[in-house]
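This report refers to the structure that appears directly beneath it.
Residue numbers (the numbering used here): 443 to 643.
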């Protein structure tokens, strides 16, 4: 064995990515969807693009095409829901000929033997009996069929709109800049008010 290949083998054995008894399992993988907690305390959804096991951090890419290196401790992997529950027997265990199949229309899960009729093996696109018997209703038709909301129990009479100010504008005495008047009336309601405090807010 030559000296260069021996050094290369030795370097590979000492490499931080080479597994040994102290190597921890890989926590994150490229393509994992994660929540990243940023300095503002909020969590942001992103996808792991690169993993650095030595420094224990990941490069996470966000939907706005920005990316950011984040430490493992600031990342939370999103759980993928793999075991779908059967809506009839309320169990998610599957057997060889009795797997849970998800309806392509309503996303409800059924064991092949729980559903009536029994679901055949190897069906690509499948709709449950519930979805087959109830045709889809257009949203507009559903709105028309919806009953009108009941009238409120206590009916409060609405005030009629006022077309006239409660004071006479011609009788107000204004300063030279027309900002302050002697009656202190600036509002449509006719109540006294401080121009600087209430009208400019």
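Using N, Cα and C, we set each Cβ at its ideal position, and we do this for glycine too. Since this is a predicted model, take the numbers as computed values, not measurements.
Would you kindly work out how many angstroms separate the C-alpha atoms of residue i and residue j, rounded to a whole number?
i, j, result
"residue 533", "residue 549", "16 Å"
"residue 488", "residue 546", "27 Å"
"residue 525", "residue 592", "43 Å"
"residue 625", "residue 613", "9 Å"
"residue 490", "residue 518", "11 Å"
"residue 605", "residue 589", "37 Å"
"residue 620", "residue 507", "55 Å"
"residue 622", "residue 616", "6 Å"
"residue 610", "residue 618", "19 Å"
"residue 570", "residue 471", "36 Å"
"residue 501", "residue 560", "47 Å"
"residue 495", "residue 482", "25 Å"
"residue 564", "residue 575", "22 Å"
"residue 399", "residue 531", "This structure leaves residue 399 out entirely; the chain is present only between 443 and 643."
"residue 499", "residue 505", "19 Å"
"residue 535", "residue 566", "21 Å"
Pick from the options: whose alpha carbon is nearest that of residue i?
i, options, result
"residue 515", "620, 537, 469, 613", "469"
"residue 568", "592, 530, 543", "543"
"residue 497", "483, 507, 512, 505", "512"
"residue 485", "476, 492, 471, 607", "476"
"residue 573", "552, 538, 624, 519", "552"
"residue 503", "606, 575, 473", "473"
"residue 480", "490, 506, 510, 492", "510"
"residue 520", "482, 493, 615, 478", "478"
"residue 538", "562, 530, 529", "562"
"residue 527", "505, 499, 556", "556"
Tell me which residue opens and which closes the alpha helix (DSSP H) that residue i is part of.
i, result
"residue 403", "Nothing can be reported for residue 403: it is not among the residues displayed for the chain, which extend from 443 to 643."
"residue 574", "571-575"
Please check the pair residue i and residue j, which I expect to be a contact at CB under 8 Å, by giving their CB distance rounded to whole angstroms.
i, j, result
"residue 540", "residue 554", "5 Å"
Note the first and the last residue of the continuous beta strand (DSSP E) segment covering residue i.
i, result
"residue 517", "517-519"
"residue 543", "542-544"
Inside the region 476-510 only - beta strand (DSSP E) runs reaching at least 3 residues: 485-494, 499-504
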